[in-house]
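Residues in the sequence shown are numbered consecutively from 0, following numbering that gives the first Met the number 0.
These notes are about the structure you will find just below.
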Amino acid sequence: MSARTPPTESIDQTLAELAEDFDLLGDWEQRIEYVIELGKGLAPLDEADRLETNKVPGCAAQVWLAVKPTEDRLWFAADSDSALSKGNIALLLKLYSGRTPDEILAFDARAALDRLGLPSALTRQRANGLNSMVGRIREAALAVG
0 MSARTPPTES IDQTLAELAE DFDLLGDWEQ RIEYVIELGK GLAPLDEADR LETNKVPGCA
60 AQVWLAVKPT EDRLWFAADS DSALSKGNIA LLLKLYSGRT PDEILAFDAR AALDRLGLPS
120 ALTRQRANGL NSMVGRIREA ALAVG
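As structure tokens, then:
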């Protein structure tokens, strides 16, 4: 596995930057477009990671989330067949990938997503899918933590 550089900012600092970006965007249409743009920047998911076991249940679209643990950190790779779901998972990877299990488990994802206003901008099914993505990330942290 290639060496990866852990995030230099805390997860709270990354959230603050995302919140600042969201605040600069006026309406929800612009914010959703921003999330979709995040998804376009997601690295392609290896075909070997497109397994049924990596699918996130409860999502409106197909979402794959692969966990790539190293000695002390969890790295994630993901993809979706939906632009919005791909953007949502890209946003979560921006927050979580490269973090220690303790950092992941100590972070209040619900408060973070509420701070960004995402759940209220999504349909109930998409908001549930977003929660399922967070749940899968937390499960991975619990499994190795």
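In this text, a Cβ means the ideal position worked out from N, Cα and C, and glycines have one as well.
Note that the structure is predicted; figures quoted are calculated from it, not measured.
| query | So Leu73 is in the beta strand (DSSP E); what residue range does that whole segment cover? | reply | For this step, residue 73 is matched to residue 74 along the sequence shown. Here the beta strand (DSSP E) through Leu73 covers Leu73 to Ser79.
| query | Using the rule of at least 16 other Cβ atoms within 10 Å of the residue's Cβ for burial, across every protein chain shown, is Ala89 buried or exposed? | reply | Here residue 89 refers to the residue found at position 90 of the sequence shown. Its Cβ being crowded by 16 or more others within 10 Å, Ala89 is buried.
| Is the beta carbon of Gly60 less than 7 Å from the beta carbon of Ser84? | Here residue 60 is taken as the residue at index 61 of the sequence shown, counted from 1. Here residue 84 is taken as the residue at index 85 of the sequence shown, counted from 1. Checking the displayed sequence, the identity of residue 60 turns out to be Ala instead of Gly. Cβ distance < 7 Å, so Ala60 and Ser84 count as in contact.
| How about Val143 and Gly86: are their beta carbons less than 7 Å apart? | Taking the first residue of the sequence shown as position 1, residue 143 is located at position 144. Taking the first residue of the sequence shown as position 1, residue 86 is located at position 87. No; because the gap between Cβ atoms is not below 7 Å, this pair is not in contact.
| Of the residues Asp78, Leu94 and Arg125, the one placed nearest Glu51, counting alpha carbons only | Start at 1 with the first residue of the sequence shown, and residue 51 comes out as number 52. When each option's Cα is compared against that of Glu51, the closest is Asp78.
| message | Contact defined as beta carbons within less than 8 Å: I believe Leu104 pairs with Ala140. What is the distance between those atoms, to the nearest angstrom? | response | Taking the first residue of the sequence shown as 1, we reach residue 104 at position 105. Taking the first residue of the sequence shown as 1, we reach residue 140 at position 141. With 8 Å as the limit, Leu104 and Ala140 qualify as a contact, their Cβ atoms being about 5 Å apart.
| Run through DSSP, which three-state label would Val34 get? | Position 35 of the sequence shown, counting from 1, holds the residue named residue 34. Note: Val34 maps to helix in three-state DSSP.
| request: Just mark Met0 as buried or exposed, buried being the case when its beta carbon has 16 or more other beta carbons within 10 Å. | output: Along the sequence shown, read from residue 1 onward, the residue named residue 0 stands at position 1. Model confidence at Met0 stands at a pLDDT of 41, short of 50, so the residue's coordinates are unreliable; what they give is reported in the following sentence. It counts as exposed.
| said: Only counting the same chain, and skipping five residues up and downstream in sequence, which positions put a Cβ closer than 7 Å to that of Arg137? | reply: Taking the sequence shown and counting its residues from 1, one reaches residue 137 at position 138. Only Ile103 and Leu104 meet the Cβ criterion.
| task | Within the region 78 to 113, note down every full beta strand (DSSP E) run reaching 3 residues or more, in order along the chain. | result | none
| field | Supposed close pair Gly128, Val62 - CB separation, criterion 8 Å | value | Mapped onto the sequence shown, residue 128 falls at position 129. Mapped onto the sequence shown, residue 62 falls at position 63. Confirmed, Cβ separation roughly 7 Å.
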